[in-house]
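In this note's numbering, the protein residues as written are 1 to 335.
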């Protein structure tokens, strides 16, 4: 009698992320002091993006401690390699990426993280750039028929962004980044901001975590290439339900209608005359036809590439922190 050959048993693979509630995450700040006061925090908040002090203490102070530990470890690893190569050790800037949908609050989070990380004595120089400055100018977008796809991957000067990150990572003393105006809704011609060899550079943008699979040629065949996230040492994805994101976007639009849009120089000045119902309908249309499409097609699929995922509830508070495992368990055959 011939016995059937049993299929090899495969040990279960550990999930790629560990999940923490607020109560589990908050104590991980250890004895890190909160040196960010309410006055400074008020200046860091975005429009309709609440960031109370307790949110900073319970979520972002532990996260700053984790990033600080990663910075220290990265420097030590580089020193080991430089020792082996018998060359002087010059630590390149540590690059932190912050990604997520329009209206999710990632800009506020990036500014808060910058303020917290700058208070660690090991790396006082922390710079922040957004990828808005690397959008193609409106004239170029108009010529390519891309104005209604502004914020989609094809609307960026990716080559310029990659060169910028490569120059920063290589340790150049000064690197220039383009400037974007939210008033005119366009890149400011011939204006740049200088990044002076930071200890940490934070790069914030909706599409910064896209992988090589996002780049296709004309017939849909993927072409291997360097991507923005290749330069990141650590990354954060800010997540929320689509219904909450739409509501936050509409509320922000209504606030701008009564403030920034009233400026005659504003690109969106025409919206300042809309009635409340008209403004709500307009905002919902923009969200559903542009931002939601971009989220579903290009952004949310990059979430699992992050080091940390911050999951927000309907009130902008982080309800869950998901941390990528550093000790993945590979499949093992058991006979």
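Here a beta-carbon is modelled for each residue, glycine too, at the ideal position from N, C-alpha and C.
Given this structure, state the Cα-to-Cα distance separating residue 94 from residue 301, to the nearest angstrom. 25 angstroms
Please classify residue 31: is it buried, with 16 or more other beta-carbons within 10 angstroms of its beta-carbon, or exposed? exposed
Can you tell which of 34, 44, 62 has its C-alpha closest to the C-alpha of residue 23? 62
Check residue 283 in the structure and name its three-state DSSP category. helix
With a cut-off of 8 angstroms, does the C-beta of residue 89 fall near any C-beta of chain E? No chain E is present in this structure, which holds just one protein chain.
Grouping DSSP H, G and I as helix and E and B as strand, with all else coil, what is residue 169? helix
Please confirm whether residue 134 and residue 160 have their CB atoms less than 8 angstroms apart. yes
Could you give the C-beta distance for residue 169 and residue 240, rounded to a whole number, given that I count them as a contact under 8 angstroms? Going by Cβ atoms, the distance from residue 169 to residue 240 rounds to 31 angstroms, so no, they are not a contact pair.
If you check the beta carbons only, do residue 110 and residue 204 fall under 8 angstroms apart? yes
Through-space distance from residue 68 to residue 281, alpha-carbon basis: 44 angstroms
In chain order, what residues of the same chain lie with their CB nearer than 7 angstroms to the CB of residue 141, ignoring the 5 residues before and after it? 147, 150, 155
Residue burial classification, residue 85 (beta-carbon count within 10 angstroms, cutoff 16): exposed
Can you tell which of 105, 65, 99 has the C-alpha that lies nearest to the C-alpha of residue 337? Shown here, the chain extends from 1 to 335; a query on residue 337 therefore has no answer.
For the candidate residues 165, 42, 246, whose alpha-carbon lies nearest to that of residue 287? 246
Which residue spans inside the region 54-104 form an unbroken beta strand (DSSP E) run of at least 3? 94-100
Enclosing beta strand (DSSP E) for residue 320 [first to last residue]: 318-324
If you measure between the beta carbons of residue 209 and residue 325, is that distance less than 8 angstroms? no
So who's on the other strand from residue 310, going by DSSP bridges? 238, 321
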